[in-house]
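Participant: Numbering (my numbering), first residue to last: 697 to 924.
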Amino acid sequence: MRILATAAEQQEIDCALRAYEATRHLWKNDVEMVFRLTGIGATNACYCVTKEIVGANAAGNPYDLVINMGIAGSYDLNKYPIGSAAVISREIFGDLGFEGKDGFEDLFRYGILNKDTFPYTNGALARQLLPYRNIEEALGKYGAATGVTVQRITGSASTTEELVRLYSPHIESMEGAAVYYACLMEKVPFFGLRTVSNAVGERDTRKWDTPAALDALQECCHEIFSVL
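Written out as structure tokens, the structure reads:
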């Protein structure tokens, strides 16, 4: 099995690398894991992942799985408190559309795209069950969350409320939907793993707990990598 592990920032990749070093001696299968730093934002993430997948295919050494991991904001601290983890079952581009007098409308509500136009399913980019039972069972202990991907971190109550009204999301990131889009288009199995550092809309970064989210990310990677 050949796995592409991606994250937006070096500290997130470092968590995965430490988990990799701690678990690879346990692997029962022939696994090659490649780590790539995408950079922040949907454009960087989509370019990096697509380039990796297409390049691997051309070289005759394709990827069997793509993992997107990182820390994120939570829309519901009761369900996903700081330091908790979620596997993203559905990803949505939260700011791709039109702003009108009645507020934001995405491409589906505006009528430009059908909600089931490939690779979308009911307006979202949906994760499919993996063909690897061991990994899927390991992911089962984490909540299945809806993610919304935006290109600016939400920092106001009005924007938070609008995104909740439109999508009922649990988790916010800046890359998740882009990675899901690339993987669906290229037909490579994938999943996204996010750990919570802050409440969405909280602008005071002193109230964020990035170390707790990174510790949780490393622990999750350790648990998942252990079953490879």
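Where a beta carbon is used, it is the ideal one built from N, C-alpha and C, also for glycine.
How would you write the range of the alpha helix (DSSP H) that residue 872 sits in, first residue to last?
Facilitator: As a working mapping, residue 872 is identified with position 176 in the sequence shown. Unbroken alpha helix (DSSP H) run through residue 872: 872 to 882.
Participant: Kindly confirm or deny that the region 899 to 918 and the region 866 to 885 touch, where touching means at least three C-beta pairs closer than 8 Å.
Facilitator: No, because fewer than three Cβ pairs between the region 899 to 918 and the region 866 to 885 fall closer than 8 Å, the two stretches do not touch.
Participant: Where does residue 741 sit, in a helix, a strand or coil, going by DSSP?
Facilitator: Counting from 1 along the sequence shown, the entry for residue 741 is found at position 45. Helix, per DSSP.
Participant: Using the C-alpha atoms, what's the distance from residue 822 back to residue 655?
Facilitator: The first residue shown for the chain is 697 and the last is 924, placing residue 655 beyond what the model contains.
Participant: In this structure, what does DSSP give as the bridge partners for residue 894?
Facilitator: Numbered from 1 along the sequence shown, position 198 holds the residue referred to as residue 894. For residue 894, which the question treats as bridged, DSSP gives the partners 769.
Participant: Leaving aside the five residues before and after residue 875 along the sequence, list all residues of the same chain whose C-beta is less than 6 Å from its C-beta, in chain order.
Facilitator: Translated into the one-based positions of the sequence shown, residue 875 becomes position 179. The residues are 741, 745 and 764.
Participant: Starting from the N-terminal side, write out each stretch of the alpha helix (DSSP H) that is 4 residues or longer and does not extend beyond the region 818 to 877.
Facilitator: Runs of the alpha helix (DSSP H) inside the region 818 to 877: 829 to 835 and 853 to 863.
Participant: Assuming residue 704 and residue 871 make a contact with CB atoms under 8 Å, what is their CB distance in whole Å?
Facilitator: The residue you call residue 704 lines up with position 8 of the sequence shown. The residue you call residue 871 lines up with position 175 of the sequence shown. Between residue 871 and residue 704 the Cβ distance is about 5 Å, and since that is below 8 Å, they are a contact.
Participant: If we count Cβ pairs, one from each stretch, closer than 8 Å, do we get three or more for the region 885 to 898 versus the region 755 to 774?
Facilitator: Yes, they touch.
Participant: Are residue 787 and residue 912 touching if we call contact CB-CB under 9 Å?
Facilitator: If you number the sequence shown from 1, residue 787 lands on position 91. If you number the sequence shown from 1, residue 912 lands on position 216. No, the Cβ-Cβ distance between residue 787 and residue 912 is not below 9 Å.
Participant: Mind the definition here: the region 777 to 791 touches the region 723 to 733 only if three or more C-beta pairs lie below 8 Å; say whether that holds.
Facilitator: At 8 Å Cβ cutoff, the stretches do not touch.
Participant: Looking only at its chain, what residues have a beta carbon closer than 7 Å to the beta carbon of residue 825, apart from the 5 residues adjacent to it on each side?
Facilitator: For the purposes of this step, residue 825 is taken as residue 129 along the sequence shown, with counting starting at 1. Here the set comprises 832.
Participant: Considering only DSSP beta bridges, list what residue 702 is partnered with.
Facilitator: Residue mapping note: residue 702 aligns to position 6 of the sequence shown, counting from 1. In the DSSP output, where bridge partners are listed per residue, residue 702 has 732 and 764.
Participant: Check whether the Cβ atoms of residue 802 and residue 819 sit closer than 9 Å, and answer yes or no.
Facilitator: In the sequence shown, the residue the question calls residue 802 occupies position 106. In the sequence shown, the residue the question calls residue 819 occupies position 123. Yes, Cβ-Cβ distance for residue 802 and residue 819 is below 9 Å.
Participant: Please state the DSSP three-state secondary structure of residue 911.
Facilitator: In the sequence shown, counting from the first residue as 1, residue 911 sits at position 215. If DSSP states are grouped into helix, strand and coil, residue 911 belongs with the helices.
Participant: Rounded to whole angstroms, what is the Cα-Cα separation between residue 733 and residue 760?
Facilitator: The count along the sequence shown starts at 1 and reaches residue 733 at position 37. The count along the sequence shown starts at 1 and reaches residue 760 at position 64. If you take the alpha carbons of residue 733 and residue 760, they lie about 18 Å apart.
Participant: Identify which residue in 863, 902, 793 and 868 has its Cα closest to the Cα of residue 846.
Facilitator: Sequence index remark: in the sequence shown, residue 846 carries index 150 (1-based). The shortest C-alpha separation from residue 846 is found at 868.
Participant: For residue 850, is the classification buried or exposed, using 16 other Cβ atoms within 10 angstroms of its Cβ as the cut-off for buried?
Facilitator: In the sequence shown, the residue the question calls residue 850 occupies position 154. Answer is buried; the Cβ neighbour count reaches 16.
Participant: Using the rule of at least 16 other Cβ atoms within 10 Å of the residue's Cβ for burial, across every protein chain shown, is residue 780 buried or exposed?
Facilitator: Taking the sequence shown and counting its residues from 1, one reaches residue 780 at position 84. So residue 780 ends up on the buried side.
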